[in-house]
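My numbering runs 1 ahead of the 1-based position in the sequence shown.
What follows is a single structure, written as structure tokens, with notes after it.
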Amino acid sequence: MKKQRICIVGDGLSGLMTAIALNKLKGLEVHLISKKNKHSNDKRTTAISASNYEFFKNVIDKLDKKLFWPTKKIDLFYETKDQNINFLNFNEDSKNLMYVFENNKIKEILIKEIKKKKLKTFKKNINELKDLNGYDIKILCLGRSSKIYQGIADKRSLNKDYKEIAITGYVKHDLKNLNTAQYFFKEGPLAILPFSKNNFSFVWSVKKEFLKKDINSSVKSKICKVLKTNKIQISNLQSYPLKLNLKRTYYKNDTLILGEGLHTVHPVAGQGFNLVLRDINKLQKIFKYYTELGMSLKSTSALEEFTNNRKSENIITGIGIDLTHNFFKQNKLLDPFKEIILKNISKNNTLKKISKYISNQGLSI
Ligand SMILES: Cc1cc2nc3c(=O)[nH]c(=O)nc-3n(C[C@H](O)[C@H](O)[C@H](O)COP(=O)(O)OP(=O)(O)OC[C@H]3O[C@@H](n4cnc5c(N)ncnc54)[C@H](O)[C@@H]3O)c2cc1C
């Protein structure tokens, strides 16, 4: 039987990973289309759950495990008038809770894998769906917003502008045993994500007005205060505007949206790419089922099945993250009660177990 032609458009983490995962299926010819003259400058890290790390290992042959920094301990702190309360600890002796990687290094690995597997790649600027004629299935991984999505998704998606930015950067330090941590500060949540013995990255979500300040010195003084040391070096400062976008329509005819375009969520819980990886995992399984039966994907309900399977988890997680973000936002009336609620949470082992399970496996239990 003639191979079915699939094109993946966009070479961010979602597009690269989707191309490699689908290329593993017999009966598919996968093409990756990326923009011409593009300069990638992603100086972030990404935290993925243990189950998504397993998926990575299944998709990439001989994955270099050194590029994934494991974490067994995560501490959550809430800032009160006079101290940072450590209200929740996730602690494992044997298993790893999550893994942190540097985006640019993993993109390099994915591109190498694409070359090794001789996957066809094209440099082309796609402006409309017509540019993709000739493919059986088209998968758009064009990032959080693209005018090309307009022809596929209706206007009923859930949208919110947080009017915030995430400041990200790398920090070199000489502290021993620095744990992964999230601090809920008055200015906004700050995540500390170690990715090697003496380096961590941070994500600090703050109001847009923060950009008017001297970001370098504001970030440095905050981090020095948290770590109780002045001996740090900050590099790779970047900022990202923060939005919520949860699509309700995932596909039209033979064209599917995937990645940030389906769900853009607040980075407070580090869940965005975790959701994408679960989407890709599911899509691979559905396509495998139909291709092994020798069926033409475009004449099956594969894209509808994918949507029905993933949409509720993506929307519930996105809304859950939004509620978490709202809960921790400064609020003069609620703040005194938050302290009491958080102190009780720290005593509740069942809640701890549930949140650990969900952040690893997602909601499709
Ligand atoms: C500050 C921050 C921290 C985060 N931290 C985490 C974390 O710890 N854990 C986690 O799970 N997630 C995290 N995320 C989410 C994660 O970064 C994204 O889910 C992930 O990068 C996937 O992005 P993407 O590939 O879908 O989109 P993008 O990275 O935006 O890629 C889109 C690609 O499409 C290409 N493109 C666009 N238009 C066209 C066109 N017309 N033709 C051809 N190509 C085109 C672009 O060039 C680009 O390469 C974070 C997000 C932010 C903002």
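Virtual Cβ for every residue (Gly too), placed ideally from N, Cα, C.
Item to check | C-beta atoms of residue 425 and residue 124 nearer than 8 angstroms | outcome: Residue coverage of the chain in this structure runs from 2 to 366, which leaves residue 425 outside it and unanswerable.
Item to check | Selection from 130, 136, 137 that minimises the alpha carbon distance to residue 148 | outcome: Start at 1 with the first residue of the sequence shown, and residue 148 comes out as number 147. Among 130, 136, 137, the Cα nearest to that of residue 148 belongs to 130.
Checklist entry - Relative to the alpha-carbon of residue 128, which residue among 141, 119, 120, 121 has its alpha-carbon at the smallest distance? => result Taking the sequence shown and counting its residues from 1, one reaches residue 128 at position 127. Relative to residue 128, the option among 141, 119, 120, 121 whose CA is nearest is 141.
Next on the checklist: With a threshold of 6 angstroms on Cβ separation, who are the neighbours of residue 244 within its own chain once the five nearest residues in sequence on each side are excluded?
Outcome noted: Along the sequence shown, read from residue 1 onward, the residue named residue 244 stands at position 243. When the five nearest sequence neighbours on each side are left out, the beta carbons in the same chain lying within less than 6 angstroms of the beta carbon of residue 244 are those of 162, 265, in order along the chain.
Next on the checklist: For a test of the three-state rule: what should DSSP assign to residue 1, helix, strand or coil?
Outcome noted: Only positions 2 to 366 of the chain appear in this structure, which leaves residue 1 out of reach.
Checklist entry - How would you write the range of the beta strand (DSSP E) that residue 6 sits in, first residue to last? => result Position 5 of the sequence shown, counted from the start, is the residue given in the question as residue 6. Looking at the DSSP string, the run of the beta strand (DSSP E) that includes residue 6 is 5-10.
Item to check | heavy atom of ligand 1 below 7 angstroms from residue 48 C-beta | outcome: Start at 1 with the first residue of the sequence shown, and residue 48 comes out as number 47. Within the cutoff, so yes.
Next on the checklist: I believe residue 21 touches residue 114 by the beta-carbon criterion, under 8 angstroms. Please report the beta-carbon distance rounded to the nearest angstrom.
Outcome noted: For the purposes of this step, residue 21 is taken as the residue at position 20 of the sequence shown. For the purposes of this step, residue 114 is taken as the residue at position 113 of the sequence shown. Right, the Cβ-Cβ distance comes to about 5 angstroms (below 8 angstroms), so this counts as a contact.
Checklist entry - Smallest Cα separation from residue 103: which of 65, 186, 175? => result Indexing the sequence shown from 1 puts residue 103 at position 102. For residue 103, the closest C-alpha among the options 65, 186, 175 is that of 65.
Item to check | Exposure of residue 268, with buried meaning 16 or more beta-carbon neighbours within 10 Å | outcome: Start at 1 with the first residue of the sequence shown, and residue 268 comes out as number 267. Counting the other CB atoms within 10 Å of its CB gives residue 268 a total of 16 or more, which places it among the buried residues.
Next on the checklist: Going by DSSP in three states, residue 207 sits in which element: helix, strand or coil?
Outcome noted: The residue given as residue 207 occupies position 206 in the sequence shown. DSSP places residue 207 within a strand segment (E or B) once states are collapsed to three.
Next on the checklist: If you measure between the beta carbons of residue 257 and residue 315, is that distance less than 8 angstroms?
Outcome noted: As a position in the sequence shown, residue 257 is number 256, starting the count at 1. As a position in the sequence shown, residue 315 is number 314, starting the count at 1. Not in contact: residue 257 and residue 315 (Cβ atoms no closer than 8 angstroms).
Item to check | Endpoints, the beta strand (DSSP E) within which residue 167 is located | outcome: If you number the sequence shown from 1, residue 167 lands on position 166. From DSSP, the beta strand (DSSP E) with residue 167 extends over 159-173.
Next on the checklist: Here's the rule: buried if 16 or more other CB atoms are within 10 angstroms of the residue's CB, otherwise exposed. What is residue 165?
Outcome noted: Numbered from its first residue, the sequence shown carries residue 165 at position 164. With 16 or more other Cβ atoms within 10 Å, it is buried.
Checklist entry - Going by DSSP, which residues form a beta bridge with residue 234? => result Mapped onto the sequence shown, residue 234 falls at position 233. According to the DSSP secondary-structure assignment, residue 234 is paired through a beta bridge with 173.
Checklist entry - Skipping 5 residues on each side, what residues in its chain have a beta carbon closer than 8 angstroms to that of residue 170? => result Walking along the sequence shown from the start, residue 170 turns up at place 169. Annotation for residue 170: 44, 202, 203, 220, 235, 236, 237, 238, 239 place their beta carbon closer than 8 angstroms to its own, counting only its chain and skipping 5 residues before and after.
Item to check | Spatial distance of residue 11 from residue 40 (CA atoms) | outcome: Position 10 of the sequence shown, counting from 1, holds the residue named residue 11. Position 39 of the sequence shown, counting from 1, holds the residue named residue 40. Cα to Cα, residue 11 sits roughly 13 angstroms from residue 40.
Item to check | Buried or exposed by the 16-neighbour rule on C-beta atoms within 10 Å, applied to residue 55 | outcome: Within the sequence shown, numbered from 1, the residue matching residue 55 stands at position 54. Under the 10 Å beta carbon count, residue 55 is surrounded by fewer than 16 other beta carbons and is classified as exposed.
Checklist entry - In terms of alpha-carbon separation, which member of 324, 356, 292 lies closest to residue 24? => result Numbered from its first residue, the sequence shown carries residue 24 at position 23. If we check each option's Cα against that of residue 24, 292 comes out closest.
Checklist entry - Taking the alpha carbon of residue 329 as the point to measure from, which residue in 317, 342, 98 has its own alpha carbon closest? => result For the purposes of this step, residue 329 is taken as residue 328 along the sequence shown, with counting starting at 1. In this structure, 342 is the residue among 317, 342, 98 with its C-alpha nearest to the C-alpha of residue 329.
Next on the checklist: Any heavy atom of ligand 1 closer than 7 angstroms to the beta-carbon of residue 100?
Outcome noted: As a first step, residue 100 must be located in the sequence shown, where it is residue number 99. Here the distance from the Cβ of residue 100 to the nearest heavy atom of ligand 1 is not below 7 angstroms.
Next on the checklist: Here's a check: name, in chain order, each residue in its chain whose Cβ is nearer than 6 angstroms to the Cβ of residue 205, leaving out the five neighbours to either side.
Outcome noted: Within the sequence shown, numbered from 1, the residue matching residue 205 stands at position 204. Taken in chain order, the residues that qualify are 168, 191.
Next on the checklist: I'd like to check one pair, residue 259 with residue 19: are the Cβ atoms closer than 8 angstroms?
Outcome noted: As a first step, residue 19 is located in the sequence shown; it is residue number 18 there, counting from the start. As a first step, residue 259 is located in the sequence shown; it is residue number 258 there, counting from the start. Less than 8 angstroms divides the Cβ of residue 19 from the Cβ of residue 259.
Checklist entry - When you compare only the Cα positions, how much space is there between residue 188 and residue 89? => result The sequence position of residue 188 within the sequence shown is 187, counting from 1. The sequence position of residue 89 within the sequence shown is 88, counting from 1. Using only the alpha carbons, I get a separation of about 20 angstroms.
Next on the checklist: At the level of alpha carbons, what is the spacing between residue 362 and residue 57?
Outcome noted: For the purposes of this step, residue 362 is taken as the residue at position 361 of the sequence shown. For the purposes of this step, residue 57 is taken as the residue at position 56 of the sequence shown. Here the alpha carbons of residue 57 and residue 362 stand approximately 14 angstroms from one another.
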